[in-house]
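A.B. asks:
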Amino acid sequence: VQDQLKSYDFSKRERIFQGISSIYEKLRNSESYWRQTEIEIENEKTKVESEINEMCQSVVPSSKTPTIENAQETVEELTESLREEKQLLKTLMQKTKDRECI
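Here it is as structure tokens:
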């Protein structure tokens, strides 16, 4: 047994241990990096959601809940209303033009 111990290469074992330690340290750093990235993504998501809520509140009437769907519906209603007003304006302009011709 003593002969085997004398011939055993302890430096090889030490290099293996250092390699494993190095890999472990890299994994720890990697985990920390991904945790930080996850936090940054969550913060950005919260910021965007807040901005969306603010935009919805500025568009949706106070009688409705400020959701994206209600904001979209309100914009569609306003767009339709503008189309109707534009058509009325065209009709009035045409009638005015017709009267001027008489």
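Everything in the sequence shown is counted per my numbering, starting at -16 for the first residue and increasing by one.
Even glycine gets a Cβ: it sits at the ideal position worked out from N, Cα and C.
1) Run through DSSP, which three-state label would residue 73 get?
2) Nearest-angstrom Cα distance between residue -4 and residue 10?
3) Distance, Cα to Cα, residue 69 vs residue 30?
4) So, with DSSP's three-state summary, where would you put residue 28?
5) Please report how far the alpha carbon of residue 73 lies from the alpha carbon of residue 25, in whole angstroms.
6) Is it buried or exposed, residue 58, if we count other Cβ atoms within 10 angstroms and call 16 or more buried?
7) Helix, strand or coil: which one does DSSP assign to residue 43?
C.D. replies: Quick look at the numbers:
1) Residue mapping note: residue 73 aligns to position 90 of the sequence shown, counting from 1. Correct three-state label for residue 73: helix.
2) Residue numbering aside, residue -4 sits at position 13 when the sequence shown is read from its first letter. Residue numbering aside, residue 10 sits at position 27 when the sequence shown is read from its first letter. Approximately 21 Å between the Cα atoms of the pair.
3) Translated into the one-based positions of the sequence shown, residue 69 becomes position 86. Translated into the one-based positions of the sequence shown, residue 30 becomes position 47. Their Cα atoms are separated by approximately 38 Å.
4) If you number the sequence shown from 1, residue 28 lands on position 45. Helix at residue 28.
5) Working through the sequence shown from its first residue, we reach residue 73 at position 90. Working through the sequence shown from its first residue, we reach residue 25 at position 42. Computed Cα separation, rounded: 50 Å.
6) For the purposes of this step, residue 58 is taken as residue 75 along the sequence shown, with counting starting at 1. Exposed is the call here.
7) Here residue 43 is taken as the residue at index 60 of the sequence shown, counted from 1. Three-state DSSP puts residue 43 in coil, outside helix and strand.
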